[in-house]
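Protein chains in written order, with the working numbering: chain C, 1 to 345; chain E, 1 to 345.
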DNA sequence: GGCATGAATGTGACCGGTCACACAAGCAGG
DNA sequence: CCTGCTTGTGTGACCGGTCACATTCATGCC
């Protein structure tokens with residue numbers, strides 16, 4: 001007992017039962033709002049609960065009931081805008097369903113490291129959501145043992161290994177197609193592409209959409225420039241592209257890459273959009289405030305996260321039948337960074 | 001049994017025991033690497049484990065052992081750079097100690113909402129880390145029931161309610177002081193400040209550091225302009241400041257605010273740093289790639305997160321005595337956005 | 001040979017809940 | 001008055017592990 005007269009260590013339902021002079025089962029009934037408890041008894045029990053500062057152990061509850069009510073999200077990253085927004089969406093939905101959200105970061109794509117992390121997540125007992133936008137995530141999704149409820153957030157459903165599981169996605173191919181069309185329609189002869197790292201060795205969805213638009217327009221198809229996730233990679237790529245006077249339009253795999261590209265163009269003295277147009281991807285919060293403001297493709301990552309959780313939730317509680325594969329539709333937001341090519345007069 | 005001959009539902013240690021013809025206790029010993037198990041027995045048990053696809057239930061383990069090995073992080077935000085980096089640091093350290101990391105988002109600072117979220121986190125059983133950079137977080141930290149191991153990531157230790165608990169922090173006051181000194185030493189008459197939302201009603205650490213530097217230099221002390229967390233708030237604040245021709249130096253509470261301010265200055269036709277210098281805070285990844293690149297105060301948020309977990313870890317496993325209050329030292333990174341004021345000749 | 005010692009293994013209770021079922025009391029209908 | 005159903009409550013087993021202790025057997029030492 002401490003100063004206030006409460007026991008300092010957690011009380012169990014049997015302690016409460018003793019204090020209220022009922023059986024532990026009755027306490028359980030009160031906690032769970034079971035109807036057939038006499039009001040006067042309920043009062044006594046509630047008073048005892050208050051008195052002892054009882055809180056039901058989530059662990060014991062999970063063990064006894066079999067229901068775990070938790071999601072573990074496996075992701076390679078939590079600082080980049082897209083990933084973080086997905087997490088936010090999942091958390092929102094999870095909280096609403098009073099689920100707990102845990103996060104496991106896949107630090108490397110190394111086979112044993114991924115396997116270990118997947119094991120840990122699987123052992124936790126709840127459901128899994130795997131963000132498979134990168135090699136580590138893809139491998140993790142494939143490694144999830146059978147029998148564990150899992151939803152993948154994938155780049156391209158059909159091509160992803162382990163794609164037989166429920167998934168959510170945004171139509172990146174279509175989005176890249178639109179963005180490329182936008183630039184071509186402004187009069188650019190072709191569009192260069194700075195790619196984010198792909199989830200698999202096969203052609204990434206964004207790359208595919210970009211290429212399709214070029215092909216359809218009969219435009220030249222330059223080799224995509226490989227970037228990273230952050231602005232540094234964009235900067236490196238941008239320096240190469242800036243040196244090529246023929247380049248007038250650049251599509252970037254995300255807004256951070258676009259930032260790096262813009263910086264490189266600026267240093268090379270090539271005005272945006274006067275000489276070169278730049279289009280980003282994801283419409284991160286800062287895109288609108290850059291100078292020039294960045295044309296980008298808006299993605300509803302938060303909604304994607306919510307959808308992923310919804311799917312998982314349906315999977316776990318058999319009751320709710322699951323709407324199979326929600327798709328969110330990206331939207332092109334045109335700003336200052338894209339315009340017509342310089343007149344070659 | 002499924003096609004492969006394995007049971008599809010999880011096997012318990014008693015199942016394994018039966019298969020290996022030993023007692024469940026022996027299985028437990030093998031799992032936990034207890035020394036006194038005959039090698040041949042160990043072999044049999046391991047074979048049975050493999051055969052049945054046994055994985056130890058984290059839930060049951062936690063219940064029986066009393067040790068939970070999990071941290072729940074309560075935070076108002078996960079998308080902003082600082083918060084996300086702290087989370088990353090915590091996750092890193094947690095994973096290394098094979099702890100699980102859960103996240104609870106404090107969506108509003110509303111009293112009952114916060115209380116509910118804190119309850120959920122407390123019920124989970126493990127330790128807690130509360131990021132108390134904002135009113136929601138501060139309230140949450142204060143609401144954590146006694147007896148639950150908790151570490152606060154705070155703005156200013158002494159002033160934070162619930163500050164009797166272990167905490168970590170970075171010296172924001174000192175950092176703001178340095179940044180302001182930098183601008184003053186370039187020759188600016190005074191420095192204006194666009195503030196992030198404060199964690200309490202009392203003067204925020206960054207504001208205090210800025211003010212101290214001004215006072216020390218005998219400079220005028222303009223009212224700080226209240227901002228938000230994102231670039232939109234900076235933009236609004238920036239428009240006001242841009243309209244005032246006397247403004248030549250602006251310190252911003254974070255890099256997103258600085259971005260918005262820079263945009264507003266640009267739109268108002270006031271060159272940076274030619275007419276106005278801008279300094280940010282936190283050194284987010286994009287700061288270096290903006291045009292002009294942004295002078296900012298680098299913060300080791302990841303290290304801060306690791307330290308927070310370290311503290312909590314020591315708290316939970318009594319064994320390790322706890323180094324009380326780690327402090328990380330911010331560092332000013334000077335870039336293009338800050339320079340001497342326009343000559344007033 | 002007798003006995004303490006340690007290695008290898010098993011038994012029962014317990015962690016804090018839930019679940020299935022039993023049981024007493026109250027009240028209806030035939 | 002007896003049967004049958006509902007309401008309110010209690011009992012024992014169980015979820016899947018761990019812990020403390022008991023047991024067996026081989027070995028070392030006097």
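Note that CB positions come from ideal geometry on N, CA and C, so glycine has one too.
Residue span of the alpha helix (DSSP H) that contains residue 182 of chain C, given as start and end: 172-185
Cut-off 8 Å between Cβ atoms - residues of its own chain near residue 282 of chain E, not counting five sequence neighbours on either side: 81, 82, 254, 255, 296, 297, 298, 299, 301
Nearest-angstrom Cβ-Cβ length linking residue 156 of chain C and residue 304 of chain C, presumed shorter than 8 Å: So it is not a contact: roughly 14 Å between Cβ atoms.
Residue 216 of chain E burial status per 10 Å Cβ neighbour count (16 or more: buried): exposed
Cβ neighbours of residue 337 of chain C in the same chain (closer than 6 Å, five flanking residues each side left out): 272, 273, 278, 292, 294, 295
Distance, residue 120 of chain C Cα to residue 59 of chain C Cα: 17 Å
Contacts that residue 87 of chain C makes with chain E (C-beta to C-beta distance below 7 Å): 78
Cβ neighbours of residue 235 of chain E in the same chain (closer than 6 Å, five flanking residues each side left out): 260, 263, 264
Segments of 3+ residues assigned as beta strand (DSSP E) that fall wholly inside the region 91-128 of chain E: 100-105
Spatial distance of residue 47 of chain E from residue 79 of chain E (CA atoms): 45 Å
Same chain only: Cβ atoms within 7 Å of residue 329 of chain E, ignoring 5 sequence neighbours per side: 171
Integer-rounded CB distance, given that residue 248 of chain E should sit under 8 Å from residue 220 of chain E: Between residue 248 of chain E and residue 220 of chain E the Cβ distance is about 12 Å, and since that is not below 8 Å, they are no contact.
Residue nearest to residue 54 of chain E in terms of C-alpha spacing, selected from E/20, E/84, E/72, E/38: E/20
Residue closest to residue 233 of chain E, alpha-carbon to alpha-carbon, out of C/30, C/289, C/101, C/136: C/289
7 Å Cβ cutoff, residue 222 of chain E in contact with chain C: no
heavy atom of the ligand NAD below 6 Å from residue 39 of chain E C-beta: Absence of the ligand NAD is noted for the structure shown, with no ligands found whatsoever.
C-alpha gap between residue 18 of chain E and residue 34 of chain E, whole angstroms: 20 Å
Per-residue DSSP class, three states only, for residue 88 of chain E: helix
6 Å CB neighbourhood of residue 331 of chain E in its chain, flanking five on each side removed: 298
Element boundaries [beta strand (DSSP E), containing residue 331 of chain C]: 331-333
Backbone secondary structure at residue 327 of chain E - three-state DSSP: strand
Short-range partners of chain C found in the region 23-40 of chain E, where Cβ spacing is below 8 Å: none
Assigned exposure category for residue 377 of chain E - 16 Cβ within 10 Å defines buried: Since the first residue of chain E shown is 1 and the last is 345, residue 377 of chain E is not available in this structure.
Local Cβ density within 10 Å of residue 117 of chain E, reported as buried at 16 or more and exposed below that: buried
Best match in E/340, E/334, E/84 for proximity to residue 276 of chain E [C-alpha to C-alpha]: E/340
Residue 237 of chain C, buried or exposed, once every other Cβ within 10 Å from all chains shown has been counted against 16: buried
Complete runs of the alpha helix (DSSP H) confined to the region 14-93 of chain C [at least 4 residues]: 24-31, 39-52, 58-65
Partners in chain C for residue 235 of chain E, counting only beta-carbon separations shorter than 8 Å: 289
Residue 298 of chain C in three-state terms, based on DSSP: strand
Any C-beta of chain C under 7 Å from that of residue 294 of chain E: no
Min CB distance residue 8 of chain E to chain C below 7 Å: Confidence at residue 8 of chain E is low in this model, with a pLDDT of 45, below 50, so its placement is unreliable and the value that follows should be read with caution. With 7 Å as the cut-off, residue 8 of chain E counts as an interface residue toward chain C.
Residue-chain proximity (residue 103 of chain E, chain C), Cβ-Cβ < 7 Å: yes
From E/36, E/192, E/145, E/225, residue whose alpha carbon lies closest to that of residue 52 of chain C: E/145
Candidates E/313, E/250, E/343: closest to residue 408 of chain E by CA position: This structure cannot speak to residue 408 of chain E, because chain E is shown only from 1 to 345.
N-terminal and C-terminal residue of the beta strand (DSSP E) that residue 251 of chain C is part of: 249-252
Reduced DSSP secondary structure (H/G/I, E/B, other) of residue 7 of chain C: Residue placement at residue 7 of chain C is flagged as unreliable, the pLDDT there being 39, under the threshold of 50; the coordinate-derived value follows with that caveat. In the structure shown, residue 7 of chain C sits in coil (DSSP, three-state: anything other than H, G, I, E or B).
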